[in-house]
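To start, the structure under review is shown below, and the notes come after it.
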Amino acid sequence: MGAGKTTLGLEVARRLGRDFVDLDREITQSARESIPEIFARRGEVEFRVLEQATALDTLCRAKPAVVALGGGAVTSAGIRRALREHALTVHVEVDPGVAWKRVGGGGDRPLARDEAAFRALYDERQPLYCEVADATARDVDDVVLAAAGIRLGHGVLELLGDHVPGEGAVALVADAHVAGIHGAAAQLALGGRVGSTHEVSGKTVDELASLWSSLRIERTGTIVALGGGTTTDLAGFAAGTYMRGVGWVAVPTSLVGQVDAAIGGKTAVDLPEAKNLVGAFHWPVRTVIDPALLATLPEAERRNGMAEVVKTGLLAGTPLWELPDQELVRRCAAFKASLCLRDPHDRGPRRALNLGHTFGHALEAASDYSLPHGRAVALGLLAALRLSGRDPRPVEDVLAPEPVRVDRDRAWEALLRDKKGRLRIVLLGEEGAHEAELPEADVRSALDALIAG
């Protein structure tokens with residue numbers, strides 16, 4: 016009681032595009048009595064019978080929903096069993112003193128009329144909350160991260176073994192540079208489960224074939240990808256195709272990986288014709304994000320990642336780029352996770368994440384992919400904001416993008432190929448991002464403004 020479950024649940028449901036169910040409200044609608052009336056007329060035992068029946072009906076529905084349980088629901092063994100079988104359960108932590116101030120004394124809650132009894136109830140139920148919880152949360156972002164299977168925190172790499180599900184062997188995949196910095200810590204955290212280690216240097220078909228050939232895990236095994244977006248893309252695609260699919264865990268070590276590339280289940284390899292041309296949606300069973308790893312990140316790689324941070328902040332409508340690293344990563348990761356959970360196969364709301372990327376991809380292709388992705392996206396954001404009639408200063412001030420020297424015709428051809436002939440560009444309006452079909456001359460002019468000479 017007083018943890019804020021209903022308030023948080025409503026916002027989580029909105030962000031995920033799911034129905035919201037308040038179990039107490041369901042009970043009162045079914046019984047046609049308020050909860051104080053049920054307690055007064057039938058007693059707590061009868062209320063718990065009604066609560067269990069309503070909870071089991073709700074939790075066993077096929078359509079996913081966000082459900083706020085009453086504070087005492089977990090005292091029912093049947094509900095605890097249903098939570099294990101049908102739900103991801105998030106414990107919203109609250110100090111008992113804060114909860115008492117919110118609901119105690121003068122309200123109509125039958126179990127919140129005496130502070131000593133209220134605190135005793137809190138202590139009595141606390142072990143049950145810990146038993147059923149898959150994750151804990153203090154706000155909406157924490158709940159969204161938990162729903163996406165993301166474990167985020169300073170030093171969480173040291174607990175990596177606790178976050179790799181199952182008991183099968185682990186194949187640890189990393190590029191040579193990251194393996195030299197963080198590989199030993201990852202192996203130590205994984206302990207005896209490490210069956211093999213694999214170094215990769217890109218995400219070409221040849222690299223993929225080499226990784227396939229060197230893997231020796233069974234269907235119960237797990238691939239752990241330690242590195243930047245290139246490594247998580249390659250290892251995730253290998254996991255999705257090896258033995259028709261094995262589980263994998265993403266452990267991003269770069270800023271772009273932690274706020275973007277390792278989230279949402281997109282995996283791919285490059286072909287000579289284009290980046291990410293062959294891929295699949297294969298969600299990691301966990302994503303383990305340790306912002307402490309950013310301390311070893313070269314400044315150039317940090318700048319690349321900041322382009323995705325600025326993009327996310329523009330979409331969220333708040334300057335996320337001004338936050339300290341851990342909070343910056345947490346907020347950005349939660350924003351992307353919510354869109355990906357809402358649209359797991361990139362057919363609707365998730366397309367907002369392409370803000371600036373149509374132009375960025377065209378510039379990358381025209382440079383034969385010598386242009387860093389972050390620099391290309393920064394320029395693409397400039398173009399998107401200009402076409403949207405929005406102030407480009409956040410991009411200019413934080414990212415300071417400069418025009419690049421690439422062939423204009425090649426860039427234009429790449430943009431048309433990326434859009435398959437229809438110039439639908441993600442723009443940023445007052446109420447968020449949306450796709451709009453624009454005149455060819457306007458798009459070409461915006462692209463040309465990004466090219467020097």
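The numbering of the sequence shown is our numbering, which starts it at 16 and goes up by one.
We put the CB at the ideal spot given by N, CA and C, even for glycine.
For V410, which of R425, L335, F252 has the nearest alpha-carbon? L335
Spell out a yes or no on whether the region 237-246 and the region 136-155 are touching, meaning 3 or more CB-CB pairs, one atom from each, closer than 8 Å. no
Take every Cβ of the region 159-167, pair it with every Cβ of the region 294-302, and state whether three or more of those distances are shorter than 8 Å. yes
With a floor of 3 residues, list each beta strand (DSSP E) that falls wholly inside the region 96-127, ordered by position along the chain. List check, beta strand (DSSP E) in window: 105-107.
Can you name the residues that DSSP bridges to A295? T282
Segments assigned alpha helix (DSSP H), at least 4 residues, entirely inside the region 309-392: 314-331, 340-357, 372-381
Counting only beta-carbon separations shorter than 9 Å, does V421 have a partner in chain C? This model lacks chain C altogether; it includes just one protein chain.
Boundaries (first-last residue) of the beta strand (DSSP E) holding T302: 301-304
What are the boundary residues of the beta strand (DSSP E) that G210 is part of? 209-215
Along the chain, where does the beta strand (DSSP E) that runs through L442 open and close? Note, L442: beta strand (DSSP E), 439-444.
Nearest-angstrom Cα separation, counted from A448 out to R357: 15 Å
Contacting residues, own chain, Cβ-Cβ under 6 Å from K20 (five flanking each side not counted): A83, V107
Leaving out the 5 sequence neighbours to the left and right, which residues in its chain are closer than 7 Å to G93 when beta-carbon positions are compared? The beta carbon of G93 is closer than 7 Å to those of Q67, L71 in its chain, skipping five residues each way along the sequence.
Determine the burial state of A254: buried for a count of at least 16 other Cβ atoms within 10 Å of its Cβ, exposed for fewer. buried
Going by DSSP, what residues sit across from W263 in a beta bridge? I238
Under 9 Å between the Cβ atoms of L430 and T373? yes
Are the beta-carbon atoms belonging to V271 and T219 less than 9 Å from one another? no
Short of 7 Å in beta carbon distance, which residues of its chain neighbour A423, apart from the five on each side in sequence? Order them along the chain. The sequence given here has Arg at residue 423, not Ala. If we look at R423 and ignore the five residues flanking it on each side, its Cβ neighbours are D463, I466.
Quick one: what's got a C-beta closer than 7 Å to E15's C-beta in the same chain, skipping five residues either side? Residue 15 cannot be examined here, being either before or after the span of the chain that is shown, 16 to 468.
Best match in A199, S216, G183 for proximity to A191 [C-alpha to C-alpha]: S216
Span of the alpha helix (DSSP H), counted from its first residue to its last, around D138: 130-147
Three-state secondary structure assigned by DSSP to R166: strand
When you compare the CB positions of G86 and L126, do they come within less than 9 Å of one another, or not? It is a contact, given that the beta carbons lie within the stated cut-off.
Quick check: the Cα distance between S229 and S353, rounded to an integer number of angstroms? 35 Å
Contact under 9 Å by Cβ, D320 with S269: In the sequence as displayed, the identity of residue 320 is Gly instead of Asp. Yes, the pair counts as a contact, with Cβ atoms nearer than the cut-off.
At a cut-off of 8 Å, is G32 close to the ligand ADP when judged by its beta-carbon and the heavy atoms of the ligand? The ligand ADP is not among the ligands present in this structure, which contains no ligands whatsoever.
For G447, list the residues DSSP reports as bridge partners. G444
With burial defined as no fewer than 16 other Cβ atoms inside 10 Å of the residue's Cβ, what is the status of V36: buried or exposed? buried
Return the CA-CA distance between R432 and C355, expressed in angstroms with no decimal places. 25 Å
Output the distance between the C-alpha atoms of P364 and V159, rounded to the nearest integer angstrom. 16 Å
Outcome for H376 when other beta-carbon atoms lying within 10 angstroms are tallied against a minimum of 16: The residue in question, H376, is buried, as its Cβ has 16 or more Cβ neighbours within 10 Å.
To the nearest angstrom, report how far apart Y257 and E173 are at their CA atoms. Distance between the alpha carbons of Y257 and E173: 28 Å.
By the 10 Å Cβ neighbour count, where 16 or more other Cβ atoms means buried, how is L226 classified, buried or exposed? buried
On the criterion of 16 or more Cβ atoms from any shown chain inside 10 Å, does L286 qualify as buried, or is it exposed? With fewer than 16 Cβ atoms within 10 Å of its Cβ, L286 is classed as exposed.
Less than 9 Å between the beta carbons of R346 and A331, yes or no? yes
What do you reckon, are the CB atoms on I53 and L65 nearer than 9 Å? yes
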